[in-house]
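Please read the structure below before turning to the comments.
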Amino acid sequence: MKVSLIQMKVQKTKEESLLAAENGIRQAADAGADFAVLPEMFACPYETSGFPLYAEAEDGESVLRLSAAAKKHQIYLVGGSIPECDKEGRIYNTSFLFGRDGGLLARHRKAHLFDIDIKGGQFFKESAVLTAGDSATVFPTEFGPMGLCICYDIRFPELFRVMVDQGALVVFCPAAFNRTTGPKHWELLFRSRAVDNQIFMVGAAPAADETASYISYGHSIIVSPWGEILSQAGEQETILTEELDLSQVAEVREQLPLLKHRRPELY
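The sequence shown begins at 1 in full-length UniProt numbering and counts up one residue at a time.
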């Protein structure tokens with residue numbers, strides 16, 4: 001299974017970002033990718049004040065454009081995330097995932113909202129504007145079940161165990177760590193979740209933009225079930241393409257049967 005991570009900058013307008021995303025999806029398809037993966041908030045500034053301005057319904061322009069791109073290129077598409085507005089006016093940080101026919105396979109609403117205040121570092125409060133999702137997300141593919149989460153969700157191992165219990169072999173994580181948390185925890189968390197659950201971890205981030213109020217750490221990453229980094233970007237715009245040998249999941253689980261050795265009666 002081949003995956004391409006599209007590490008792109010958020011452009012000045014939503015239209016420009018959508019065009020950049022469509023171009024990245026085309027390049028991923030040209031490279032033979034089965035999955036194209038966009039970053040968290042790929043078409044919206046990562047600012048709480050901007051989320052209501054950019055929010056769309058589930059049948060809004062961004063969703064329709066991503067669906068059409070998946071269908072055009074016959075590729076699975078992890079649509080990063082966008083601010084999604086429901087009929088009651090609640091706003092979610094939502095990732096829409098499309099099949100090769102452009103049909104919606106899954107929708108994950110970020111379950112854990114990014115509310116932090118790090119002394120001398122980053123302050124951010126998603127809950128001031130966003131509503132938290134209420135479910136884990138696993139979806140079927142021709143390669144087997146896959147999981148989907150968003151950014152801050154990666155810090156909660158319980159969510160990953162639920163996805164693995166539902167069969168996930170790979171978990172996709174559109175994310176946008178910053179330069180405070182990224183250098184300390186980005187690689188550590190992706191490798192930890194891969195090793196904990198013996199799965200492939202795939203994280204797509206925006207490229208760094210020095211003019212933005214929130215500067216992404218970038219470093220889109222692909223990690224094996226053994227915890228090895230198969231590919232990792234820097235901060236610049238790029239597309240990472242890597243082939244995942246899914247037989248490694250069963251091999252690692254047989255050699256080091258962590259999931260069989262669990263003691264649920266203790267915890």
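All residues carry an ideal CB built from backbone N, CA and C; glycine is no exception.
Taking a cut-off of 8 Å on C-beta distances, the stretch 121-140 does not touch the stretch 238-245, as fewer than three cross pairs fall below it.
With a cutoff of 8 Å on beta-carbon distance, Ala168 and Pro145 are scored as near each other.
Considering only Phe172, Ser213, Asp117, Asp196, the residue with the shortest C-alpha distance to Leu97 is Phe172. Nearest C-alpha to Glu251 among Ser231, Ser224, Leu266, Thr238: Ser224.
Contact between the stretch 47-58 and the stretch 116-133 is established, with three or more Cβ pairs separated by less than 8 Å.
The beta carbon of Phe143 is closer than 7 Å to those of Met1, Leu246 in its chain, skipping five residues each way along the sequence. The stretch 19-29 and the stretch 151-169 do not touch, with fewer than 3 CB-CB distances between them shorter than 8 Å.
Between the stretch 86-101 and the stretch 115-122 there are fewer than three C-beta pairs closer than 8 Å, too few to call the two in contact. Ala33 places its beta carbon 8 Å or farther from that of Ile82. In this chain, Ala68 is not harboured by any beta strand (DSSP E); it is covered by the alpha helix (DSSP H) spanning 61-73. Membership of Lys14 in the alpha helix (DSSP H) is indicated by the continuous run 14-30. When the alpha-carbon of Ala36 is set against those of Thr211, Glu58, Gln236, Leu77, the nearest one is in Leu77.
Contact annotation: Pro174 and Gly80 have beta-carbon atoms nearer than 8 Å. Runs of beta strand (DSSP E) with 3 or more residues, each lying fully within the stretch 144-196, are found at 146-148, 170-174, listed in chain order. No residue range can be given for Pro257, since it is assigned to no beta strand (DSSP E) and is classified by DSSP as neither H nor E.
Straight through space, the alpha carbons of Pro206 and Tyr214 are spaced by roughly 11 Å.
By the Cβ test, the stretch 192-200 is not in contact with the stretch 175-182, since fewer than three Cβ pairs between them sit closer than 8 Å.
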